[in-house]
Structures are given as C-alpha cells and as structure tokens.
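The listed protein sequences derive, respectively, from chains A and B. Be aware that the first sequence starts at 17, since it is given in our numbering, and climbs by one per residue. Be aware that the second sequence starts at 2, since it is given in our numbering, and climbs by one per residue. The beta carbon of each residue, even a glycine, is placed where N, CA and C say it ideally should be. In this text, all values refer to a predicted model and were calculated from it rather than measured experimentally.
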Amino acid sequence: MVKYGLFLGCNIPFKAPDIEQSMRKVFPPLGVEPVDMVGASCCPAWGTAPSFDKGTWCALSCRNMAIAEELGVNIMTGCNSCFGILSEAKHFMHDPEVAEEAHELLAKAGRTYTGSADVYHITHVLHRDIGTEKIAAAVKFRQDGLTVAVQAGCHVLWPTDAMAIKEENPFFPHMLKDLVEATGASAPHYSRIEACCGMGGMRTTSVDKSMKILAAKLRSMKEEINPDLIVTGCSSCYMQFDQSQEQLRASGEIDFTIPVLYYTQFLALAMGFDPAQVAAISAMDRSALIAEIQNPARAVQEV
Amino acid sequence: MSITLTKEKITATVKIITEYGGTGIFKCVQCGACSAVCPSIKAGFPVLCRLLIKKLLIGQLEEIIEEPSSWACQACCRCSEVCPQGVKPQEVVFAFRRFQANELAISTASTTSLIDLHATGHAAHTTTYRELRAGVGLPEQPPTTVSDAKGLQEVQTILENCLMGELGFY
Numbered sequence: 017m018v019k020y021g022l023f024l025g026c027n028i029p030f031k032a033p034d035i036e037q038s039m040r041k042v043f044p045p046l047g048v049e050p051v052d053m054v055g056a057s058c059c060p061a062w063g064t065a066p067s068f069d070k071g072t073w074c075a076l077s078c079r080n081m082a083i084a085e086e087l088g089v090n091i092m093t094g095c096n097s098c099f100g101i102l103s104e105a106k107h108f109m110h111d112p113e114v115a116e117e118a119h120e121l122l123a124k125a126g127r128t129y130t131g132s133a134d135v136y137h138i139t140h141v142l143h144r145d146i147g148t149e150k151i152a153a154a155v156k157f158r159q160d161g162l163t164v165a166v167q168a169g170c171h172v173l174w175p176t177d178a179m180a181i182k183e184e185n186p187f188f189p190h191m192l193k194d195l196v197e198a199t200g201a202s203a204p205h206y207s208r209i210e211a212c213c214g215m216g217g218m219r220t221t222s223v224d225k226s227m228k229i230l231a232a233k234l235r236s237m238k239e240e241i242n243p244d245l246i247v248t249g250c251s252s253c254y255m256q257f258d259q260s261q262e263q264l265r266a267s268g269e270i271d272f273t274i275p276v277l278y279y280t281q282f283l284a285l286a287m288g289f290d291p292a293q294v295a296a297i298s299a300m301d302r303s304a305l306i307a308e309i310q311n312p313a314r315a316v317q318e319v
Numbered sequence: 002m003s004i005t006l007t008k009e010k011i012t013a014t015v016k017i018i019t020e021y022g023g024t025g026i027f028k029c030v031q032c033g034a035c036s037a038v039c040p041s042i043k044a045g046f047p048v049l050c051r052l053l054i055k056k057l058l059i060g061q062l063e064e065i066i067e068e069p070s071s072w073a074c075q076a077c078c079r080c081s082e083v084c085p086q087g088v089k090p091q092e093v094v095f096a097f098r099r100f101q102a103n104e105l106a107i108s109t110a111s112t113t114s115l116i117d118l119h120a121t122g123h124a125a126h127t128t129t130y131r132e133l134r135a136g137v138g139l140p141e142q143p144p145t146t147v148s149d150a151k152g153l154q155e156v157q158t159i160l161e162n163c164l165m166g167e168l169g170f171y
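Below is the structure:
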C-alpha cells in the first residue's frame with residue numbers, strides 16, 4: 017500500500033473532523049495508507065507568518081515537510097490553503113536568501129529540510145495515483161441521476177509553477193469533475209466554475225463583500241445547472257458554502273439553498289461509510305441528501 | 002490634491018517592496034491583466050494588482066498604509082498566472098502587506114491568529130474540537146502540536162527567534 021503523510025492543517029481536525037474521518041476511511045480501501053505526521057503544526061496560514069516574513073513562513077512550512085521527510089513519505093492534504101502554503105514555501109526555498117533565513121530558524125528548532133517530500137492535494141492522489149476506474153469500482157451506491165456543482169477552490173489551481181501536479185487549464189479545471197463523475201453523478205460545467213467562493217482574507221476583511229461574490233457563484237450554479245448538491249475539493253470553500261447560504265437566503269440574496277459536501281465525504285457516503293462519522297457536522301440540514309446518496313435503490317448489486 | 006513625484010520616494014518605496022518579496026514590480030507595464038482576474042477587486046477591494054503597483058511605482062507607501070485591500074487578497078495567484086510580464090503581482094501585494102504588518106498596520110484577526118499559532122501551533126484553534134472529534138469516532142486530540150509537546154516547542158522556537166518575534170504579539 018502506498019503511504020502518504022496526512023497533513024491535517026487546522027480547520028479540518030478542529031472544525032470539520034468528519035472530513036478528516038472521511039479521508040481516513042476512503043483511502044485504505046483504495047490502496048493508499050494515510051500516515052500521521054506527529055507534531056505537525058499550522059501550515060502556517062496566510063494571515064500569519066506569510067503576511068510578515070517569507071523566511072519565517074518557509075521555516076514553519078519546512079518544519080512540517082521535514083516531518084514527512086523523516087517518515088520517508090510524500091505529503092497529501094485536504095486543505096487548499098495548506099496545499100498552497102506548503103507548495104509555495106517549497107518553491108521559495110529555491111531563493112538562496114529566503115532559504116538561508118529558513119534553514120537558520122530550522123536549525124534552532126533542531127530540524128533539517130532537504131526538499132525530498134512532494135506536496136499533493138488529496139484530489140491529486142485520488143486522480144493520479146488511484147484513478148477514476150478504481151474509485152468507480154469501490155463505490156457501493158451509484159450516484160447516477162445526481163447533478164453536482166463542483167468547486168475545486170483557488171489554491172489547488174494556481175500558481176501552477178509551484179505545483180507538482182496541475183490542471184491542463186486551471187481556468188477550466190476538470191480533476192474534481194472527473195472524481196465526482198466516477199461515482200456515476202454528473203458534474204456539468206457552469207460559467208463561474210473557477211470563481212472564488214469569498215472565504216479567507218476577503219471574508220475576514222469584509223463579510224458583506226465576501227457574501228456578494230458567494231451569492232453570484234451560487235446563482236450561477238442554480239440558474240445554469242440546478243445542482244442537487246455542491247461538492248468542494250477545499251475545506252475552506254466547504255465552510256463558506258455550508259455556513260453562509262442560510263444568511264444569504266434570510267437577506268433575500270438567494271431564494272434557494274444547495275447542500276454541500278467535501279469530496280471525500282461524498283465519496284465516503286457513496287462507498288457506504290456511516291454518515292454519523294463521515295458527514296455529521298454541518299450548519300445546513302443535509303439529511304435528505306445523505307439518505308438519497310445511500311438510497312438502497314442505488315446499491316451496486318454484487319455479482 | 003496633486004501627488005508630488007520624487008525620485009527618492011520612488012526608489013525608497015520600490016526598495017522596501019523588493020526586500021519584502023515583490024521583486025517583479027519594475028516589470029509592470031500596467032496592462033491590467035491581473036486586475037481583470039482578481040476576485041477581491043471583483044468583490045470591491047480596488048487597491049490590488051495593477052492599481053496597487055501603480056501607487057507603489059509613483060512612491061506612495063506611507064500614504065496607503067491603512068489600505069484594507071491587501072488584507073482581502075486571497076493569495077489565489079490568478080494574477081501571477083496571467084501576468085504576461087512575469088511581475089507576479091500577488092507577491093507585490095504580499096510584499097506591501099508585509100510592509101503594513103511590520104509597521105503594525107494589521108487587522109485584529111491576524112493578531113488573534115498569531116497568538117493562537119504561538120500558543121498551540123495552530124492559527125485556527127477552537128475550544129470545542131475534542132467533543133466534535135470524539136463524536137465522529139476520532140481520538141479527541143489530533144496528532145499535531147496540540148498533543149505533541151516537542152513539536153510545539155519547535156514551533157515556538159522558530160516564532161521566538163524570527164523577525165516577527167520582535168513585534169510583541171506573543
């Protein structure tokens with residue numbers, strides 16, 4: 017079984033541990049073993065060290081990557097921010113000035129970074145290493161007839177020069193679409209498919225402005241493809257879609273809501289795992305959707 | 002109000018932005034490709050990408066230190082992806098943000114995140130996570146710095162010895 021260091025970040029283990037549980041459940045049956053990265057910290061988040069000093073950012077990121085290096089594994093993470101932060105830090109370590117500051121700080125912490133561990137997003141591992149055929153074969157409830165609006169999230173798409181795996185055209189991403197369609201569901205294109213959800217620094221700076229672009233994205237989904245659910249590849253997008261739709265409806269910005277799942281939650285449900293473990297925490301009620309995903313009529317007949 | 006352009010101010014501004022990581026700023030031809038794809042400009046934060054670079058290139062720095070737009074940058078890097086000149090506008094935005102942060106023109110959200118990062122190793126720490134984790138069948142503590150004293154000590158060593166450590170947040 018191929019091993020990957022599972023980099024958790026902050027939001028997934030603390031705010032959405034059902035996403036963490038869904039990752040821990042889906043990978044082993046697909047032949048990938050997530051390994052704990054003991055002592056890993058925040059990536060560090062964009063608003064912290066990256067907003068002050070590149071060398072400190074790289075030192076903290078490289079300390080996390082050094083943990084994977086010691087374990088002899090590459091890294092996979094489900095958080096797009098963590099993916100972006102770690103990938104870019106690895107990229108910036110080619111700058112001798114930044115690297116010097118980072119290595120000095122790492123030495124004080126008793127860590128060595130060599131750059132031997134690659135950084136992947138979980139959708140990269142699912143798409144490249146596992147592949148859609150194997151995913152389709154592992155699905156216990158076929159999702160034919162369901163329409164999904166996919167949301168890959170910004171940091172897995174750009175900047176392509178810092179990534180080991182990239183979309184052919186990040187403005188028309190298809191990896192998450194392929195992964196969703198492996199379950200039998202359809203994930204049609206919609207015009208704002210690559211648009212930002214408004215989470216992150218934008219929301220911290222102005223909730224109103226963040227909600228405005230979220231509403232535009234939701235209306236695009238609804239009017240163009242009328243989805244049964246949204247599936248995100250980013251845990252931050254997931255939280256924005258889950259926590260903000262009721263507020264938008266209450267203020268009259270939208271007159272509908274669309275339930276949302278993180279990709280490995282959607283896959284875990286389709287693979288038959290217990291919703292109480294893999295899709296248990298949400299602001300929106302999605303019980304009807306979960307019941308439909310695991311509808312006995314969708315069960316794959318064993319031959 | 003007119004803006005007085007001086008060579009000294011322009012040189013000093015570009016030097017600061019370059020030192021904080023915005024090394025491509027001089028390559029900008031003001032085409033605006035970056036601004037056209039920026040989600041934060043779309044949302045109503047105008048002083049990013051082309052306009053921010055213009056202001057910096059005419060030596061405006063102290064004048065815009067309280068500008069909130071840079072804190073709304075999502076770091077998505079659409080701008081850097083499409084820039085035909087190799088400016089990497091996102092790195093210029095973050096360089097300007099670093100100038101603001103090191104002058105303590107900083108949002109309160111960042112302050113809280115820094116305190117949490119130093120205390121727990123996590124910027125987005127919560128108080129309710131143990132119950133949530135147990136509820137979905139996971140160990141109450143994730144295998145991170147919250148349950149690994151050595152790891153947390155290493156993070157604190159980095160934070161206390163870096164330039165940020167001198168700013169007095171933690």
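Whether residue i touches residue j by CB criterion (8 Å)
i	j	result
Leu-24(A)	Pro-143(B)	yes
Lys-124(A)	Thr-158(B)	yes
Ala-73(B)	Gly-217(A)	yes
Ala-75(A)	Cys-163(B)	yes
Pro-47(B)	Cys-77(B)	no
Leu-153(B)	Tyr-171(B)	no
Val-135(A)	Ser-103(A)	yes
Val-164(A)	Ala-286(A)	no
Gln-259(A)	Leu-234(A)	no
Neighbour flag for residue i against chain A, beta carbons, 8 Å
i	result
Ile-159(B)	yes
Arg-51(B)	no
Val-156(B)	yes
Leu-105(B)	no
Ala-120(B)	no
Ser-41(B)	yes
Glu-167(B)	no
Short CB-CB distance (under 8 Å) between residue i and chain B
i	result
Asp-134(A)	no
Pro-186(A)	yes
Lys-124(A)	yes
Ile-209(A)	no
Arg-235(A)	no
Gln-159(A)	no
Ile-297(A)	yes
Nearest neighbour of residue i, chosen from the options [CA to CA]
i	options	result
Thr-7(B)	Gly-87(B), Leu-57(B), Glu-104(B), Glu-92(B)	Leu-57(B)
Asp-52(A)	Leu-87(A), Thr-273(A), Glu-240(A), Gln-159(A)	Leu-87(A)
Val-316(A)	Pro-60(A), Arg-158(A), Gly-268(A), Val-276(A)	Arg-158(A)
Ile-306(A)	Val-42(A), Cys-78(A), Pro-45(A), Leu-162(A)	Leu-162(A)
Cys-58(A)	Glu-141(B), Glu-167(B), Gly-166(B), Leu-115(B)	Leu-115(B)
Ala-65(A)	Val-247(A), Phe-99(A), Phe-289(A), Ala-105(A)	Ala-105(A)
Val-94(B)	Pro-85(B), Met-165(B), Ile-65(B)	Ile-65(B)
Leu-105(B)	Ala-73(B), Glu-63(B), Ser-36(B)	Glu-63(B)
Gln-61(B)	Thr-121(B), Ser-111(B), Phe-100(B)	Phe-100(B)
Val-18(A)	Asn-90(A), Glu-197(A), Gln-261(A)	Asn-90(A)
Val-88(B)	Gln-31(B), Ile-59(B), Ala-120(B), Gly-152(B)	Gln-31(B)
Ser-38(A)	Ser-303(A), Ala-153(A), Ala-284(A)	Ala-284(A)
Ala-178(A)	Gln-75(B), Glu-132(B), Ser-81(B)	Ser-81(B)
Ala-198(A)	Ala-168(A), Glu-239(A), Ala-211(A), Ile-146(A)	Ile-146(A)
Ser-111(B)	Met-109(A), Thr-221(A), Gly-288(A)	Thr-221(A)
Separation of residue j from residue i, as counted between CA atoms
i	j	result
Ser-132(A)	Arg-144(A)	19 Å
Thr-93(A)	Ser-3(B)	50 Å
Phe-187(A)	Met-237(A)	16 Å
Ser-251(A)	Phe-27(B)	36 Å
Phe-43(A)	Ile-35(A)	12 Å
Met-215(A)	Glu-318(A)	42 Å
Lys-13(B)	Ala-34(B)	Sequence check: residue 13(B) is Ala here, not Lys. Approximately 26 Å between the Cα atoms of the pair.
Asn-242(A)	Val-137(B)	31 Å
Gly-166(B)	Glu-117(A)	14 Å
Ser-36(B)	Arg-79(B)	9 Å
Ser-303(A)	Ile-246(A)	14 Å
Thr-109(B)	Ser-67(A)	13 Å
Ser-226(A)	Cys-50(B)	18 Å
Ser-298(A)	Val-223(A)	20 Å
Ile-59(B)	Lys-16(B)	13 Å
Cys-150(B)	Ile-28(A)	Inspection of the sequence shows that residue 150(B) is occupied by Ala rather than by Cys. Approximately 21 Å between the Cα atoms of the pair.
Cys-95(A)	His-137(A)	8 Å
Glu-92(B)	Pro-291(A)	42 Å
His-126(B)	Glu-9(B)	44 Å
Which residues, taken in chain order from the stretch 255-267 of chain A, show a beta carbon closer than 8 Å to some beta carbon of chain B? If the cut-off is 8 Å between Cβ atoms, the stretch 255-267 of chain A has nothing near chain B.
Going along the chain, which residues of the stretch 63-80 of chain B sit with their C-beta nearer than 7 Å to a C-beta in chain A? Against chain A - using a Cβ distance shorter than 7 Å - the residues of the stretch 63-80 of chain B are Pro-69, Trp-72, Ala-73, Cys-74, Gln-75, Ala-76, Cys-77, Cys-78, Arg-79.
Below 7 Å between beta carbons is the criterion; list the residues of the stretch 213-224 of chain A that meet it against any residue of chain B, in chain order. From the stretch 213-224 of chain A, only Gly-214, Gly-216, Gly-217, Met-218, Thr-220, Thr-221, Ser-222 have a Cβ closer than 7 Å to chain B.
In chain order, what residues of the stretch 52-77 of chain A put their CB closer than 9 Å to some CB of chain B? The residues in question are Asp-52, Met-53, Val-54, Gly-55, Ala-56, Ser-57, Cys-58, Cys-59, Pro-60, Ala-61, Trp-62, Gly-63, Thr-64, Ala-65, Pro-66, Ser-67, Phe-68, Asp-69, Lys-70, Gly-71, Thr-72, Ala-75, Leu-76.
Identify each residue in the stretch 20-34 of chain A for which the Cβ-Cβ distance to at least one residue of chain B is less than 7 Å, and report them in chain order. Cβ contacts with chain B come from Leu-24, Cys-26, Asn-27, Pro-29, Phe-30, Lys-31, Pro-33, Asp-34.
Chain A contacts made by the stretch 5-22 of chain B, where a contact means CB separation under 7 Å: Cβ contacts with chain A come from Gly-22.
Using Cβ-Cβ distances below 7 Å, what residues of the stretch 110-137 of chain B are close to chain A? Answer in chain order: Ala-110, Ser-111, Ser-114, Leu-115, Leu-118, Gly-122, His-123, Ala-124, Ala-125, His-126, Thr-127, Tyr-130, Leu-133, Arg-134, Gly-136, Val-137.
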